[in-house]
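Numbering (our numbering), first residue to last: 1283 to 1521.
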């Protein structure tokens, strides 16, 4: 048994906007072909991001989304319940056979390395993304997560990411996870609406940005033509 429990109730990632989480040079080592796909994903994220379609977020994305999650530690299982899309996964500390099919959240098998929980995650499908920037993976994704208790309210979360179909080498991200300390903290029911950003803001983006280069400077036309009778814009603009 570990010297201390991983977490009693809830944690949420919190990294300042100016601080990156990719370790080393801060770059994700895509193959040339995969980088082209990533750029296409980035340009069309509002139509392609699986999160916006209310699909399960996958790992590691579920760990750093802006929603709380709860960790419950048992003798040979650790259960993680995520508020987003009512997602859950089990980390097996005993020997279990892998699932017959690939899964959104993968298949997690863990062990204790001193006071650090190390988790090997495999059996992913290729449908989840890492973020809204279009960073993606294939069904060959393999993760090694490490959860280290830094204080009663802080866990250091590290994950090494390997996918030979998409990346030229393994790479790593790291961030703190902070316990929610509000009294009576609990996970709430999550009702996901598909493409909610499109419903709310889509009318403001129908006209593409006009871009051209002036030497090394890119000029962008930020003018928007809002469709006549756009109810959301009429409501928002009148506030």
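Where a beta carbon is used, it is the ideal one built from N, C-alpha and C, also for glycine.
Buried or exposed, going by whether 16 or more other CB atoms sit within 10 Å of the CB of residue i?
i, result
"residue 1352", "buried"
"residue 1394", "exposed"
"residue 1403", "buried"
"residue 1449", "buried"
"residue 1371", "buried"
"residue 1228", "Because the chain is modelled from 1283 through 1521, residue 1228 falls outside the range shown and cannot be assessed."
"residue 1316", "buried"
"residue 1470", "exposed"
"residue 1497", "exposed"
"residue 1433", "exposed"
"residue 1418", "buried"
"residue 1472", "exposed"
"residue 1457", "buried"
"residue 1340", "buried"
"residue 1376", "exposed"
"residue 1415", "exposed"
"residue 1427", "buried"
"residue 1381", "exposed"
"residue 1364", "buried"
Consult DSSP for residue i and reduce its assignment to one of helix, strand or coil.
i, result
"residue 1367", "helix"
"residue 1460", "strand"
"residue 1346", "helix"
"residue 1522", "Because the chain spans 1283 through 1521 in this model, residue 1522 falls outside it and cannot be assessed."
"residue 1411", "strand"
"residue 1488", "Residue confidence for residue 1488 is low, a pLDDT of 48 falling below 50, so the modelled location carries little weight and cannot support an answer."
"residue 1420", "coil"
"residue 1379", "coil"
"residue 1435", "coil"
Cβ of residue i less than 9 Å from any chain C Cβ?
i, result
"residue 1457", "Of the protein chains in this structure there is only one, and it is not chain C."
In the DSSP output, what is residue i paired with across the bridge?
i, result
"residue 1440", "1428, 1456"
"residue 1476", "Paired residues: none, contrary to the question."
"residue 1400", "1393, 1428"
"residue 1362", "1353, 1371"
By alpha-carbon positions, which one of the options ends up nearest to residue i?
i, options, result
"residue 1398", "1438, 1334, 1463", "1438"
"residue 1460", "1346, 1303, 1314, 1379", "1346"
"residue 1410", "1334, 1499, 1458, 1372", "1334"
"residue 1306", "1454, 1328, 1433", "1454"
"residue 1429", "1337, 1332, 1362", "1362"
"residue 1412", "1496, 1344, 1495", "1344"
"residue 1387", "1338, 1357, 1417", "1338"
"residue 1444", "1457, 1472, 1406", "1406"
"residue 1441", "1401, 1318, 1422", "1401"
"residue 1408", "1415, 1414, 1424", "1424"
"residue 1312", "1451, 1468, 1391, 1348", "1451"
"residue 1366", "1374, 1376, 1427, 1349", "1349"
"residue 1390", "1321, 1383, 1384, 1374", "1374"
Which runs of the alpha helix (DSSP H) fall wholly inside the stretch 1304 to 1344 and span at least 4 residues, in chain order? 1314 to 1325, 1327 to 1330
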